[in-house]
Amino acid sequence: MRWKWQQLEEKIVQLFMLLSFALILFCLLLILYTIVAKGLPSLSWAMISQTPKGGFYLGKEGGILNAIIGSLYLALGGTLIALLFAFPLALLLNIYLSQSLWADLVRLSLDILWGIPSIVYGAFGFTVMIFLGWRASLLGGILTLALLEFPIMARAMDEVIRRLPPDLPRAAYALGSTNLETAFFVVTRQILPGLATAALLAFGRGIGDAASVLFTAGYTDRIPNSLFSPAASLPLAVFFQLGTPFPEVQQRAYSAALILTIIVLGISLSSRWLAHYLDRFSIH
Amino acid sequence: MSEIIPHLETQNLNAYYGSTQALEDVSIVIPRNQITMIIGPSGCGKTTLLKCLNRFIELEENARIEGKVLLDGENIYSPSVDVTEVRKKSGLLAQRPYPLPMSIFDNVAYGIRIHRLHSRGQLHQAVQHYLQVAGLWEEVKDRLHAPASQLSIGQQQRLCLARGLAVEPEIILGDEPTSALDPISAQHIEKRLIELKQRYTIVLVSHILRQARRLADYVIFMYMGRVVEAGPAHQVFNNPQHERTRAYLSGEF
Chain F
249 MRWKWQQLEE KIVQLFMLLS FALILFCLLL ILYTIVAKGL PSLSWAMISQ
299 TPKGGFYLGK EGGILNAIIG SLYLALGGTL IALLFAFPLA LLLNIYLSQS
349 LWADLVRLSL DILWGIPSIV YGAFGFTVMI FLGWRASLLG GILTLALLEF
399 PIMARAMDEV IRRLPPDLPR AAYALGSTNL ETAFFVVTRQ ILPGLATAAL
449 LAFGRGIGDA ASVLFTAGYT DRIPNSLFSP AASLPLAVFF QLGTPFPEVQ
499 QRAYSAALIL TIIVLGISLS SRWLAHYLDR FSIH
Chain P
150 MSEIIPHLET QNLNAYYGST QALEDVSIVI PRNQITMIIG PSGCGKTTLL
200 KCLNRFIELE ENARIEGKVL LDGENIYSPS VDVTEVRKKS GLLAQRPYPL
250 PMSIFDNVAY GIRIHRLHSR GQLHQAVQHY LQVAGLWEEV KDRLHAPASQ
300 LSIGQQQRLC LARGLAVEPE IILGDEPTSA LDPISAQHIE KRLIELKQRY
350 TIVLVSHILR QARRLADYVI FMYMGRVVEA GPAHQVFNNP QHERTRAYLS
400 GEF
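See below:
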């Protein structure tokens with residue numbers, strides 16, 4: 249009897265796994281289908297090569313080059329700055345502070361930061377900018393995004409380093425390496441694929457976030473020409489265009505979403521390839 | 150047997166993990182240019198003793214030691230001694246080889262680069278030299294820039310030997326360096342070690358008595374954290390002074 253029941257258990261659990269997989273796949277395909285079906289008709293060369301002309305938001309000529317460039321600037325800038333702090337922090341947590349109470353405290357703070365809604369980051373960035381007397385600008389947006397991406401990246405990298413086999417740093421110490429040499433020449437080499445994935449995860453979160461750049465980077469029809477000029481972004485382009493009463497403009501919102509999806513997908517795939525390439529040298 | 154010239158020496162060495170004592174009052178000498186083998190049942194403190202010789206014990210959590218370890222008469226635990234210098238003086242062969250996550254060439258070049266031992270022009274020559282000494286050159290000369298992880302485990306252990314020798318140590322430490330290898334690869338390593346004792350002092354931990362009989366010039370027998378008997382191999386193996394050594398050698402525990 250016990251045997252029968254175990255088989256049944258197995259079947260039920262498998263069914264649940266299959267169902268959840270199907271549900272996720274269904275959602276993904278539905279989203280992709282909606283974006284492609286509604287966005288593709290109005291996706292044109294003009295959309296990705298021109299900035300909005302007069303009357304664009306009423307359905308007239310122009311494109312969203314301003315938002316594409318703005319989003320890339322914002323997300324790349326934010327990711328680079330977050331990387332500058334997240335990577336050393338992750339190394340510090342694991343190589344210098346390992347097992348100490350401080351490390352746990354820092355991890356807890358990062359987890360809390362991770363959970364804070366992005367609109368709060370936006371409001372925080374905005375408050376700081378007002379205090380400094382800044383206007384909405386590319387730099388403000390980049391710094392706020394960096395703030396948003398930092399805990400995600402640091403925590404993801406922390407997990408990557410934590411899974412490092414302890415024999416690897418020992419092999420380096422045995423050769424008379426200092427902590428710094430071990431960290432940068434050996435540990436980094438081993439975890440490069442994981443670091444690339446962590447950076448991408450944060451980049452994806454950054455480029456898709458609307459709330460944090462709403463107040464801080466603003467929105468403009470022009471391509472930003474300095475760190476202090478405001479910058480448009482794709483999520484906000486979707487948001488504003490969907491909010492208009494004109495069907496043509498709403499359709500353009502979908503094609504903006506399609507462009508955003510393609511960018512994220514492209515970066516995701518190329519980073520997968522990169523991680524795979526780098527992984528050749530890692531020790532498993 | 151001529152007078153022993155000590156290269157390494159421990160004086161009243163005690164080691165603790167938390168509140169358990171792993172080494173108790175260990176005072177030994179390790180003769181220069183010989184193969185010293187530390188033998189004893191598992192858990193007797195052989196590996197701990199080895200870890201004390203290159204300050205690896207400091208990487209263990211809650212580990213604490215008392216006493217002295219003298220390398221050429223200088224205490225390696227004295228505060229003025231740089232730990233990286235201590236470790237550079239001894240090449241380590243671990244139980245399982247652990248190549249660095251880089252190419253075969255870079256594995257050997259790593260130590261040379263961080264200690265700036267050779268100029269860039271001489272680097273290739275130096276790498277070739279150490280790969281030859283470790284007996285690996287012929288097998289890898291056509292794929293020096295392939296990942297080290299592609300080598301077999303026996304080749305990896307010889308790569309680790311080459312990598313360790315490249316930092317120009319005086320001592321080679323081995324923690325059961327052949328235990329994870331197949332018999333042929335193990336033989337390779339043993340052959341290299343016998344050649345290398347001309348130039349290096351070698352200290353090996355082993356639980357294989359036959360291997361100890363093959364390789365050892367000097368033997369340290371440990372039991373429950375204490376050194377029971379130490380002396381030239383022929384003396385310990387053929388005429389042990391202590392009942393416990395006799396029992397261990399005859400396979401009673």
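One line per chain: the protein sequences are F and P, in this order.
Count along the first sequence from 1, add 248, and you get the number used in this note's numbering.
Count along the second sequence from 1, add 149, and you get the number used in this note's numbering.
Glycine is no exception: its CB is placed at the ideal position from the N, C-alpha and C atoms.
| query | result |
| --- | --- |
| Best match in Q304/P, V230/P, L314/P and A171/P for proximity to T327/P [C-alpha to C-alpha] | Q304/P |
| Contact under 9 angstroms by Cβ, P250/P with F463/F | no |
| Whole runs of the beta strand (DSSP E) within the region 287 to 368 of chain P, excluding any shorter than 3 residues | 320 to 324 and 350 to 354 |
| Option nearest N203/P by Cα separation, candidates E287/P, T159/P and W286/P | T159/P |
| Interface residues of chain P facing S434/F [CB-CB closer than 9 angstroms] | The sequence shown places Val at residue 434/F, rather than the Ser named in the question. L249, P250, M251 and Y259, listed in chain order. |
| Beta-bridge pairing of E223/P - partner residues as DSSP gives them | L220/P |
| Inter-stretch contact at 8 angstroms, needing at least 3 Cβ pairs: the region 321 to 337 of chain P / the region 347 to 354 of chain P | yes |
| Neighbour flag for G424/F against chain P, beta carbons, 9 angstroms | yes |
| Supposed contact pair H267/P and A275/P - C-beta distance, whole angstroms, cut 8 angstroms | 5 angstroms |
| Contact under 9 angstroms by Cβ, A243/P with D352/F | no |
| Chain F contact for F254/P (CB, 9 angstroms cutoff) | no |
| Integer Cβ distance of P190/P from Y372/P, believed to fall under 8 angstroms | 7 angstroms |
| I455/F, enclosing alpha helix (DSSP H) - first and last residue | T436 to I455 |
| Member of N314/F, L332/F, Y421/F and S385/F whose CA lies at the smallest distance from the CA of P399/F | L332/F |
| K115/P burial status per 10 Å Cβ neighbour count (16 or more: buried) | Any property of residue 115/P remains undetermined from this structure, which presents chain P solely from 150 to 402. |
| Of the listed residues L339/F, T375/F and L328/F, nearest to T465/F (C-alpha basis) | Before going further, note that residue 465/F is Ala rather than Thr in the sequence given. Ranking the options by Cα distance to A465/F, first place goes to T375/F. |
| Environment of I378/F [buried if 16+ CB atoms lie within 10 Å] | exposed |
| Which of helix, strand or coil DSSP assigns to R199/F | Lying before the first or after the last residue shown, residue 199/F is absent from chain F, which here runs from 249 to 532. |
| Test item: CB-CB of L490/F and L508/F under 9 angstroms | no |
| 8 angstroms contact criterion, which V408/F and L443/F should meet: CB distance rounded | 6 angstroms |
| Where the beta strand (DSSP E) containing Q160/P begins and where it ends | P155 to Y166 |
| The region 368 to 387 of chain P / the region 191 to 201 of chain P touching (three or more Cβ pairs under 8 angstroms) | yes |
| Alpha helix (DSSP H) segment containing D255/P, residue limits | I253 to I263 |
| Under 9 angstroms between C-beta atoms of G307/F and V461/F | no |
| CA-to-CA distance, T445/F to V385/P, given in whole angstroms | 57 angstroms |
| First through last residue of the beta strand (DSSP E) which encompasses D174/P | T169 to P180 |
| Cβ contact (3+ pairs, closer than 8 angstroms) linking the region 469 to 478 of chain F and the region 252 to 264 of chain F | no |
| Residue-chain proximity (S229/P, chain F), Cβ-Cβ < 9 angstroms | no |
| Rounded separation between F402/P and L172/P - CA only | 20 angstroms |
| Inter-residue spacing [alpha-carbon to alpha-carbon] between F432/F and L340/F | 12 angstroms |
| S168/P beta carbon near the ligand COA (any heavy atom closer than 8 angstroms) | In the structure shown, the ligand COA is absent, as is every other ligand, since no ligand is present at all. |
| Within-9 angstroms CB hit, F335/F to chain P | no |
| Between the CA atoms of N256/P and L517/F - distance to the nearest angstrom | 31 angstroms |
| Given P248/P as reference, the closest of Q306/P, Q277/P and G284/P once Cα atoms are compared | Q306/P |
| E258/F: contacting residues in chain P (beta-carbon distance under 9 angstroms) | Chain P residues near E258/F: none, gap ~36 angstroms exceeds 9 angstroms. |
| Helix, strand or coil at M373/P according to DSSP, with G and I counted as helix | coil |
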